[in-house]
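Presented below is the structure to which this report refers.
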Amino acid sequence: MGGGKPFYASPIIVNGNVVAVSRKQGTYVYPAKPVFTAPVVNVIEGDSTDFNATPAVSDGCLFLRSNKALYCIGK
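Just so we're aligned, residue 771 is where the sequence shown starts under our numbering, counting upward by one.
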């Protein structure tokens, strides 16, 4: 009854960083390098639904989908 796995989406590489979207704890971003460093975690405030989809990148924007909305992060 633990609610499933913490990550359903596949991680992707964007501009030399690994981007891994967790279901409930935000998006983890860390350098894709041989030595691990602690990730930066970004959370979309006001959306407490699950994020189950692999992120997409297009034209300089990162797209994240939750059960509530589709978000475009970029300039």
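Yeah, the Cβ is synthetic: ideal placement off N, Cα and C, and Gly gets one too.
Residue i by DSSP, collapsed to three states: which one?
i: A790; result: strand
i: I814; result: coil
i: F806; result: coil
i: T819; result: coil
i: P712; result: Not covered by the structure: residue 712. The range shown for the chain is 771 to 845.
i: P781; result: coil
Identify, in the order they occur along the chain, each residue of the same chain with its Cβ nearer than 7 Å to the Cβ of residue i, setting aside the five sequence neighbours on each side.
i: S780; result: T824
i: N822; result: Y778, A779 and R793
Looking at the unbroken beta strand (DSSP E) that takes in residue i, where does it start and where does it end?
i: S828; result: A826 to S828
So, at 6 Å on beta carbons, what are the nonlocal neighbours of residue i in its own chain, with the 5 sequence-adjacent residues on each side left out?
i: N812; result: G796 and T797
i: N837; result: T819 and D820
Alpha carbon to alpha carbon, what distance is there between residue j and residue i?
i: G786; j: T807; result: 13 Å
i: K845; j: G830; result: 8 Å
i: A826; j: L834; result: 7 Å
i: V784; j: V799; result: 9 Å
i: M771; j: R793; result: Note on M771: pLDDT 48, under 50, position unreliable in the model; the coordinate value appears next. Going by the C-alpha atoms only, they are around 16 Å apart.
i: D817; j: P804; result: 33 Å
Considering only their Cβ atoms, is the gap separating residue j from residue i smaller than 9 Å?
i: L832; j: V789; result: yes
Quick one: residues in its chain with C-beta nearer than 8 Å to the C-beta of residue i, no 5 flanking neighbours on either side, listed in chain order?
i: A802; result: I783, G786, N787 and V788
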